[in-house]
Structures are given as structure tokens and as C-alpha cells.
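Just so we're aligned: the sequence shown equals residues -23 to -1, 1 to 203 in mature numbering (1 follows the signal peptide of the UniProt record, and there is no 0). Just so you know, even glycine gets a beta-carbon here, dropped at the ideal spot from N, CA and C. Since the structure comes first, as C-alpha cells, the remarks are kept for the end.
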Amino acid sequence: MKPNFSLLFKLLILQYLSGLCLSRDFDFFYFVQQWPGAYCNTKQGCCYPKTGKPTADFGIHGLWPNYKDGSWPSNCDPDSVFDKCQITELMSSMNKKWPTLSCPGSNGVRFWSYEWEKHGTCAESELDQREYFETALNLKEKINLLQILKDADIEPDDGFYSLDRISKAIKKGTGFTPGIECNKDSAHNIQLYQVYMCVDTSGTNLIECPILPRTQCGSDIQFPKF
């Protein structure tokens, strides 16, 4: 019997389209906030955005779709490019709560474009472009990490605090266990760098993390000044 190439071609197309759809599915979000002091005092340094030095507060790094097995989708729709016109009304809050510290200094558009195209396009089944950025800003309002830590007498004063104490303070303040990521400053001190919280696929409700990111922190870590 001769193979039915027309049928085989249709099956391959269906399989390909199915794969594209699957790439858009995800199980939860990581909402990641970054401490600017820990970003700037590494060997690579930092550059302030054109709007000036950010306030001494945790800034948004991103809202990242993830799978429960520890993997994640990325760049799910190359045709869905970042359009800053869709977030014009959010721009003031974006500059304050989602600043870029990479060099050379910029107005943040390149950073936000990268976050949308790599991560946001994989959440389009739940959130359109404006909703994606608005959701992240709302989560920042809900999760005031700096105040939570200050309430536990953990200050960005270059002091060292136990990782367990930091984690427990955030869990007490949010109700959920955080993921803590560290980096090293130019003197090789291990310091508090990023905090991961898990959010359901609607981007609305905090949840207990199905899996925490693998990070390397010591038992005591520095909370650097900024």
C-alpha cells in the first residue's frame, strides 16, 4: 500500500499546532522581586535608569510562567511584540516599581520588552499585555517585602541575618514560603538578591510553591545598603 502523504502532512501540521498550544500552558507564576543593593554592588556594577536612582526598595524582576516539574516555557509567540502604547497609563508605576539597573542606563523599555517577549507571551492564555504588567504591579503592592522584613527587624544595613530568619519573616508576612536567591558582592559576601513568591495562573492569588528555585545561600546572608 502506498503511503498517504497528504494524510501524513496533515498529521504533522496538527502535531506542530498542538505543540504550540501546549507551549502556552503553565502551572503557576514565579513573581520575582530584586534587591537593588545586591544587584549594584557586584563586580559588574549597575547603571541607574534615565529617571534617576530608584528608591531603596525591592523592584520587580518579572512574572514568570513555570511548570511544576521545574521547567518553564519561553518566547511562546514571536509575533506578539512589546507595545509600550498598551501600558502608557502604567508607565509612571513601571518606572518606580519595575526599574532597570542594567548598563547602559535606559528608560526601561528594553527590559520590559524582554520580559514580555520571553515570559509574558507564555501567559497570553490568561493575561493580555496590559493585564500582564498590571498584574505584576498589583502583586508588588500586595507583597511589600521591605516592610515585611523591617517589621521583623531585618534592615538593609549591610548586616548579616540568618537565611531561616529571613524566610520565616516573609512567610509570616505573606502566609507562604518564599524562594530566596543570593549573589556575591565584590568582596565575595553572600547577600540577599531576589525573592520568589508563587502565584496561581490568574496572577491573583499567592500559593505555596509547587517547586522552589535551586539557589545557593549560606546560613547567614548580608542585606546590603542601597
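How about residue i and residue j: are their beta carbons less than 9 Å apart?
i: Thr112; j: Thr181; result: yes
i: Lys119; j: Leu40; result: no
i: Ser142; j: Ile157; result: As written in the sequence, residue 142 is Arg, which differs from the Ser given in the question. It is not a contact, given that the beta carbons lie outside the stated cut-off.
i: Gln63; j: Arg107; result: yes
i: Thr77; j: Ser69; result: no
i: Asn203; j: Ala100; result: It should be noted that the sequence gives Phe, not Asn, for residue 203. No, the Cβ-Cβ distance between Phe203 and Ala100 is not below 9 Å.
i: Asn18; j: Asp197; result: no
i: Ile147; j: Leu114; result: no
i: Gly195; j: Leu140; result: yes
i: Phe5; j: Thr178; result: yes
i: Thr28; j: Ser57; result: no
i: residue 207; j: Asp134; result: With the chain running from -23 to 203 in the structure shown, residue 207 is simply not present.
i: Pro55; j: Glu94; result: yes
i: Asn121; j: Ala15; result: no
i: Tyr7; j: Val176; result: yes
Taking residue i as part of the beta strand (DSSP E), name the residues at either end of that continuous run.
i: Glu158; result: Gly156 to Lys161
i: Asn43; result: Gly36 to Asn43
i: Asp197; result: Asp197 to Phe200
i: Tyr138; result: Gly136 to Ser139
Just reading off the alpha helix (DSSP H) that residue i is part of, what are its end residues?
i: Gly152; result: Per DSSP, Gly152 belongs to no alpha helix (DSSP H) and is neither H nor E.
i: Cys17; result: Pro13 to Cys17
i: Cys167; result: Note that residue 167 is Ile in the sequence shown here, rather than Cys. Careful: Ile167 lies outside any alpha helix (DSSP H), inside the beta strand (DSSP E) at Ile167 to Val176.
i: Phe110; result: Gln106 to Lys119
i: Asp130; result: Per DSSP, Asp130 belongs to no alpha helix (DSSP H) and is neither H nor E.
So, is residue i buried or exposed, given that buried needs 16 or more other C-beta atoms within 10 angstroms?
i: His165; result: exposed
i: Gly36; result: buried
i: Thr32; result: exposed
i: Gly136; result: exposed
i: Lys117; result: buried
i: Cys80; result: exposed
i: Cys24; result: exposed
i: Pro201; result: buried
i: Gly22; result: exposed
i: Gln199; result: buried
i: Lys74; result: buried
i: Glu185; result: exposed
i: Pro42; result: buried
i: Pro187; result: exposed
Is there at least one non-hydrogen atom of the ligand ADP closer than 8 Å to the beta-carbon of residue i?
i: Gln10; result: As for the ligand ADP, it is missing from this structure, which has no ligand bound.
Practice task
Could you say if the segment 42 to 50 and the segment 79 to 89 meet the contact criterion of at least three C-beta pairs nearer than 8 Å?
Solution key: no
Practice task
For the segment 164 to 175 and the segment 6 to 14, state whether three or more C-beta atom pairs, one from each stretch, are separated by less than 8 Å.
Solution key: yes
Problem - the segment 184 to 194 in contact with the segment 148 to 167 per 3-pair CB rule at 8 Å - result: yes
Practice task
Run through the segment 67 to 111 for me and flag every whole alpha helix (DSSP H) of 4 or more residues, listed as ranges in chain order.
Solution key: 68 to 74 and 86 to 95
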